[in-house]
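Participant: Following my numbering, the numbering of the sequence shown begins with 1419 at its first residue and continues without gaps.
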Amino acid sequence: MDMHGSAVESQSGLPTPSPRDPLLGPDSDMDVQGYKWVRWRVWLCRLAALLSLGLLLVVFHWRPRLAVLARCCSCPLAFADILLIRDSFDQRHVVEVLTEEMEDSSVELLGELEDNEWRDTVQLHKEEKTLLRYYLFEGLRYIWMARKGAFCRVSVLNENWTRKDLYDFQKGLSHLEQSSRRRMYGPNLIDVPVKPYIRLLFEEVLNPFYVFQVFSIILWMVDQYYIYAICIFLISVLSIVFSLYEIRKQSVTLRNMAQFVTNVTVRRNSGVEECVSSEELVPGDCLIIPQEGLLLPCDAALLAGECLVNESMLTGESVPVLKTPLPTGEARYSSETERRHTLFCGTQLIQAKGGGSDVVAVVTSTGFFTAKGSLVSSIMHPQPTDFRFYQDSFKFLFLLGFVAFFGSVYSFVVLFRTDVTWLELVIRSLDLVTIAVPPALPAAITTGTIYAQGRLKSQGIFCISPPRINICGKVSLFCFDKTGTLTEEGLDVWGVMEGGTAGFSELVPDPRLLSPGPMLSGLACCHTVTLLQGQPIGDPLELKMVESTGWTLQEPEGDGKVLDAEFGGHRVLAVLKPPPSRGPSTSEAMAIVRRFPFASALQRMSVVTVARGGHSPLAFIKGSPEMVASLCRPETVPPQFSSELSSFSSEGLRVLALAYKPVDGNTDLRTIERGEVEKDMRFLGLLMMKNLVKPESAKVIDVLRLANLRSVMVTGDNILTAVNVAKSCGMVGVDEMVIFVNATPHTAQSMPTLNFSLEEGGAPDAQTSIVTRSLYQGGFDYHLAINGKSFAALCNHFPEYLPKVLLRATVFARMAPDQKTQLMKELQKLNYRVGMCGDGANDCGALRAADVGVSLSEAEASVASPFTSKTENISCVPLLIREGRCSLVTSFSLFRYMALYSLIQFCSVLVLYTVRTTMADLQFLFCDLFVVTLLAIMMGRGGPGEELHPCRPSASLLALPVLGSLLVHTCMIVLGQLAALFITTSQDWFVPLNSTLFGVANLPNMENTSVFSLSAFQYIIMAVVVTKGYPHKKPLFFNWIFLCLLLVLFAVTTWLVLYPGPVIGPLLKLHNFLDMDFKMVLVAVAALNFLICFVVEVLVDNGILNCLRALRGKRQSKKQYKRLNTLLCESPSWPPLNQTLSPTEHTVIQCS
């Protein structure tokens, strides 16, 4: 048996929760290795831990993998006690294999189940106990399946359920079945662990940052720096207390949001209904939904009745959604494709309507396997941030570590010659490490992010992932949903045009003017509008459509039997009544008896209606014109269908098509399937709705364009409508061409094809050739537009063209939700930093897959995306990018300042060690606490610039300008301190220190005072030099608190140099120079130091170091989209207009 394995993933189609996985958690290529305890190794490790005074346990805490390798030996997964898991991000996790004893009766039951997989989940041991072996990873339960030879998600047991299987569960589970399933699936809890304070304290203290702090404090105490050590100890304690409070507070908040236990009513196979705790629910349980609704504790498929559901917590969409019963049949059930028939965990059921009978649902997922559970898991275990700034910061710490090492070697050599004791030698060498590697560096660089998060919150933008704020500063492309994001949510009916075999009728601007007939009835009935407390509620488009007809909606009251009897005994969902008519002809009331709600993947919805007495059953369908026309009998579709659709769509109108057909009166309408309803339809006509572009959209797109940020539209609407909106909001310029990308998939009759056609396909050949020639010569800017079907064919059959299309495409139309998510990932493969802004409804997966996802929602925060904005337009996008750039620049400034602070102090100590002295305890305290800490805290307060600059800030700490400026500043620091020292020693009144003493015993002395005085100025100088303003931050003087602090500290430091006084001077161990001219020279040296560093920084900012890059020659960009753009600009035949390409006939442009 293999010692390695894979965690076999279920294929359960849940709402796409996070970019980590389109389904539920760790990727399917998760590698699992088995290990078994070795007793002698365990005891040997315990002995080593004892001899090392616990140091080995600390190492094991930091590197759990080492603990496993030291205590265990590799073994087959079937016998493993411990598992070592490597996820798709190459991160390693250690989990323990757990066992649970199964009852004999449960085993017998499992053997009788139809699915043989259940029998593999148990293992018989010699002790004649039947044990279930499983482990928990990121909340998900994985069970051992012997036949597969792997640990599989427990959801594999129910992932292949069909609709028929779910309807079979309607009779309920027995107590025995329920008990055995509960042992298998575990409790129905989204359990967010809240660790006790003791454990949190233990883990926090063992953080490498605090271990380094403890080491430093012990070293300082041994070195008799008592006051400084005590102050740092108190600050560390306060920091730990605050950190523990925040961590526990966040855990409690997340647990309160995630964990929910209530009482629910379930049906047993005996027919008895029981009230049980939701914690006991298992897949297969039959739920009885109360009419007043409830907060759902699991995922469930709705089998009977209708439910009005508020899903804002999961999607950010505030409009309630009507859920209808799952269609019958043998098809496999998937919660993703059956969203309109699935009740998701964490959503609020506002009301349930059963029409006199029970509203019934069957549990399909529990715990972390639910939609809510997967999203909570993505918050608890976020995707590792692949951001260069964070990666470089750790590399830079190692660089400072090397500096500390060489400094320690130098100090060792210098001090060894001075005949100090070995203890003093070791302490002094180690002390340099605590100086050169500032332990407060990781905490300091988060200051800018904290300030930015506060500013965003004050402007109605809420963030659940603060590290992504810095990533906002590097966004290079932003995608926008159309409806409700770029355009108004509400639509106005623009007109109706009936169609038939003879063609289209005249445009009717008001549906009320239509003659009674199927078209008017379809507009009134084909929707999912419902009543809540007497008020119609539903999709804004459908609300406008129903309102335009003048018909009124009525729903059954009580058990609904009165209305059922009135309409021939059919179960009535809603009744639509026409307005009173004064004319001779009038429409009659119609009852909706069956609904098949709109699905993005299907691009349509349908209803079945009957007239009074149950007569004249009709089926109506409404949806995208292309889809509806494809479901109609060809002879009923007007010949001018395509031209009329293109004409209306080009004007930016939202176009829907309607069709109908009579239904056989002998058909059982309660069980009729959707596929039977939606075929052989008769085309009725087109409904045009005006979807106005929000006034802010064009302004924001223009701001992004001027900032060299690419804007892309991703919508489910018609491609011509999308192109019109793109032109209206400025994504496509007036003088820019649109080229449509048309790709067809492989069929039995034809091979895949790909072609590029100009926006107006009817252009004469001569004109087309002129346009083509100008296009290739750079005379025209152009944009590609592609729909969902072509996008799928392009990905499957023309992958070599996909990057080039993505580079030039601005409009993606008719995109399904999973295609939007795929688009985000494909753009990221080109090294774009991708932003996505949508309303959260169908964009949930894309919002979480993007580097920066912004959901426009009234909710304060939802798990739909990292950012949630209360503003109803995209004006939040430039604000978010500006704050991201400001935060990134601030983090850069703080990082450089903390590095320079450590180098200033490092140089001061080395210089003073060389002359057999050092800095005093309170001198360290003054510099670290009263100067550096205050400056670092206030430096981050600066707000973002008013405008977005075309140039994005750098994210690399190891770039030439950063390292070059740090090197020059370090040289200026050393030269400044040496200048102060040499000027002091050159004075006539200079008295050398006592060469027989070393360190603090030599204080106060002239050398120490001169070097300390200049270094104190240097801390202030560097704070000014590295604080960046324009263009990504407001100028320094806007941060008036920081400016005032600089002036105060400069005044205090000048006072300490010129006149320290009889109290402060001795306290800080400062020598009192009597020569005022010499003191003024020290101030002048500091001023010169500032001037040189400031000029150097300005020159570096203006590219003075670019001459060094010129010496090495021009290099290709590391970003693939930039390299590809260069190649496409040089390509004389891209895009290949008016050519039909096949997978074997193409010229590939590759990026190496």
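Where is the CB? At the ideal position from N, CA and C, for every residue including glycine.
Given the structure is predicted, the values throughout are model-derived calculations rather than measurements.
Quick one, which of G1917, M1675, C2294, G2041 has its alpha-carbon nearest K1875's?
Facilitator: Taking the first residue of the sequence shown as position 1, residue 1875 is located at position 457. Nearest C-alpha to K1875: C2294.
Participant: Leaving aside the five residues before and after Y2448 along the sequence, list all residues of the same chain whose C-beta is less than 8 Å from its C-beta, in chain order.
Facilitator: Looking up residue 2448 in the sequence shown gives position 1030. If we look at Y2448 and ignore the five residues flanking it on each side, its Cβ neighbours are G2363.
Participant: Three or more C-beta pairs under 8 Å: does that hold for the stretch 2369-2379 against the stretch 2469-2476?
Facilitator: Judged by Cβ distances under 8 Å, the stretch 2369-2379 makes no contact with the stretch 2469-2476, as fewer than three pairs qualify.
Participant: For the ligand SAM, is there a heavy atom less than 7 Å away from the beta-carbon of K2497?
Facilitator: Looking at this structure, you won't find the ligand SAM or any other ligand, since it has none at all.
Participant: Report all residues from its chain with a CB closer than 8 Å to the CB of V1623; omit the five preceding and five following residues, and keep chain order.
Facilitator: The residue you call residue 1623 lines up with position 205 of the sequence shown. Correct list, in chain order: V1629, V1632, I1658.
Participant: So what does DSSP say about K1979, is it helix, strand or coil?
Facilitator: Here residue 1979 corresponds to residue number 561 of the sequence shown, with the count starting at 1. DSSP places K1979 in helix when its eight states are reduced to three.
Participant: Determine the extent of the beta strand (DSSP E) in which I2157 is found, giving its start and end residues.
Facilitator: By one-based count along the sequence shown, residue 2157 stands at place 739. That run of the beta strand (DSSP E) goes 2155-2162.
Participant: Considering only C-alpha positions, which residue in the set Q1642, A2211, E2062 is nearest to E1842?
Facilitator: In the sequence shown, residue 1842 corresponds to position 424, counting from 1. It is Q1642.
Participant: Using a C-beta cutoff of 8 Å, does C2294 count as contacting chain B?
Facilitator: Of the protein chains in this structure there is only one, and it is not chain B.
Participant: To test your reading of the DSSP string, which unbroken alpha helix (DSSP H) runs of 4 or more residues are found completely within the stretch 2326-2370?
Facilitator: As far as the stretch 2326-2370 is concerned, its whole alpha helix (DSSP H) runs of at least 4 residues are 2339-2343, 2352-2357.
Participant: Looking only at its own chain, which residues have a Cβ that is under 8 Å from the Cβ of D2183, when we skip the five neighbours before and after it?
Facilitator: Within the sequence shown, numbered from 1, the residue matching residue 2183 stands at position 765. Confidence at D2183 is low in this model, with a pLDDT of 48, below 50, so its placement is unreliable and no value can be given for it.
Participant: If you reduce the DSSP assignment to three classes, tell me which class P2553 lands in.
Facilitator: Within the sequence shown, numbered from 1, the residue matching residue 2553 stands at position 1135. Three-state DSSP puts P2553 in coil, outside helix and strand.
Participant: Can you tell which of E1916, D1849, R1806 has the C-alpha that lies nearest to the C-alpha of K1892?
Facilitator: Walking along the sequence shown from the start, residue 1892 turns up at place 474. For the residues E1916, D1849, R1806, the minimum Cα distance to K1892 belongs to R1806.
Participant: Spatial neighbours of R2300 within its chain, please: C-beta separation below 7 Å, excluding the five flanking residues on both sides.
Facilitator: Position 882 of the sequence shown holds residue 2300. The answer, listed in chain order, is P2362, G2363, L2366.
Participant: Cβ atoms of V2026 and V2011: under 8 Å apart, would you say?
Facilitator: As a working note, residue 2011 is residue 593 in the sequence shown. As a working note, residue 2026 is residue 608 in the sequence shown. In this structure, V2026 lies closer than 8 Å to V2011 by Cβ.
Participant: How big is the Cα-Cα spacing for K2446 and M1602?
Facilitator: Walking along the sequence shown from the start, residue 2446 turns up at place 1028. Walking along the sequence shown from the start, residue 1602 turns up at place 184. The alpha-carbon atoms of K2446 and M1602 are separated by roughly 58 Å.
Participant: Rank S2275, T2289, Q2237 by C-alpha distance to the C-alpha of A2268 and give the top, closest one.
Facilitator: For the purposes of this step, residue 2268 is taken as residue 850 along the sequence shown, with counting starting at 1. Checking every option, the nearest Cα to that of A2268 belongs to Q2237.
Participant: Just tell me which of D2406, F2430, A2377 has its CA closest to the CA of E2343.
Facilitator: In the sequence shown, residue 2343 corresponds to position 925, counting from 1. According to the sequence as given, residue 2343 is Leu; it is not Glu. Here the closest residue by C-alpha is F2430.
Participant: By a C-beta neighbour count over all protein chains shown, 10 Å radius and 16 as the cutoff for buried, is I1616 buried or exposed?
Facilitator: Sequence index remark: in the sequence shown, residue 1616 carries index 198 (1-based). That one is exposed.
Participant: Counting C-beta neighbours from all protein chains within 10 Å, is the total for E1595 16 or more, i.e. buried, or is it exposed?
Facilitator: Counting from 1 along the sequence shown, the entry for residue 1595 is found at position 177. So E1595 counts as buried.
Participant: Identify the continuous beta strand (DSSP E) that holds T2403 and give its terminal residues.
Facilitator: To locate residue 2403, count along the sequence shown from 1; it is residue 985. Unbroken run through T2403 is the alpha helix (DSSP H), 2378-2403; no beta strand (DSSP E).
Participant: In terms of DSSP beta bridges, what is C1890 paired with?
Facilitator: Stepping through the sequence shown from its first residue, residue 1890 is reached at position 472. The partner list for C1890 (beta bridge, DSSP) is empty, contrary to what the question assumes.
Participant: Which word fits H1593, buried or exposed, when buried means at least 16 other C-beta atoms lie within 10 angstroms of its C-beta?
Facilitator: For this step, residue 1593 is matched to residue 175 along the sequence shown. Answer is exposed; the Cβ neighbour count stays below 16.
Participant: Indicate whether K2540 and A2338 have their beta-carbon atoms separated by less than 8 Å.
Facilitator: Counting from 1 along the sequence shown, the entry for residue 2540 is found at position 1122. Counting from 1 along the sequence shown, the entry for residue 2338 is found at position 920. Against a cut-off of 8 Å, the Cβ pair of A2338 and K2540 comes out as no contact.
Participant: Going along the chain, which residues of its own chain have a beta-carbon closer than 7 Å to the beta-carbon of F1488, five neighbours each way excluded?
Facilitator: For this step, residue 1488 is matched to residue 70 along the sequence shown. According to the sequence provided, residue 1488 is Ala. The question's Phe does not apply to it. The residues are R1459, C1463.
Participant: Roughly how many angstroms lie between the CA atoms of M1675 and L2467, to the nearest whole one?
Facilitator: Taking the first residue of the sequence shown as 1, we reach residue 1675 at position 257. Taking the first residue of the sequence shown as 1, we reach residue 2467 at position 1049. Distance between the alpha carbons of M1675 and L2467: 46 Å.
Participant: Using three-state DSSP, classify D1776 as helix, strand or coil.
Facilitator: As a working note, residue 1776 is residue 358 in the sequence shown. Residue state, collapsed to three classes: coil.
Participant: What's the gap between the Cα of M2356 and the Cα of I2459?
Facilitator: Taking the sequence shown and counting its residues from 1, one reaches residue 2356 at position 938. Taking the sequence shown and counting its residues from 1, one reaches residue 2459 at position 1041. Each residue's alpha carbon lies about 7 Å from the other.
Participant: Among the candidates P2056, P1958, G1604, V1727, whose CA atom is the shortest distance from the CA of T1919?
Facilitator: As a first step, residue 1919 must be located in the sequence shown, where it is residue number 501. Measuring from the Cα of T1919, the nearest candidate turns out to be P2056.
Participant: Whose C-beta lies closer than 6 Å to the C-beta of Q2534 among residues of the same chain, with five residues either side of it excluded?
Facilitator: Counting from one through the sequence shown, the residue named residue 2534 turns up at place 1116. Only R2541 meet the Cβ criterion.
Participant: Quick check on W1969: does DSSP put it in helix, strand or coil?
Facilitator: Locating residue 1969 in the sequence shown gives position 551, where the first residue counts as 1. Coil.
Participant: Short of 6 Å in beta carbon distance, which residues of its chain neighbour E1973, apart from the five on each side in sequence? Order them along the chain.
Facilitator: By 1-based counting over the sequence shown, the position of residue 1973 is 555. These residues qualify, in order along the chain: L1949, A1992.
Participant: Would you kindly report the start and end of the unbroken beta strand (DSSP E) that includes I1608?
Facilitator: One-based indexing of the sequence shown puts residue 1608 at position 190. Run containing I1608: none; DSSP gives neither H nor E here.
Participant: Is L2340 closer than 8 Å to E1645 when the C-beta atoms are compared?
Facilitator: Residue numbering aside, residue 1645 sits at position 227 when the sequence shown is read from its first letter. Residue numbering aside, residue 2340 sits at position 922 when the sequence shown is read from its first letter. The residue you asked about is not Glu; residue 1645 is Ile in the sequence shown. Yes, Cβ-Cβ distance for I1645 and L2340 is below 8 Å.
Participant: So the beta strand (DSSP E) P1626 belongs to, where does it begin and stop?
Facilitator: Sequence index remark: in the sequence shown, residue 1626 carries index 208 (1-based). First-last for P1626: 1626-1640, but that is the alpha helix (DSSP H), not the beta strand (DSSP E).
Participant: Out of C2325, I1882, G1711, R2226, which has the shortest C-alpha to C-alpha gap to L1850?
Facilitator: Stepping through the sequence shown from its first residue, residue 1850 is reached at position 432. Taking only the C-alpha atoms, the option nearest L1850 is C2325.
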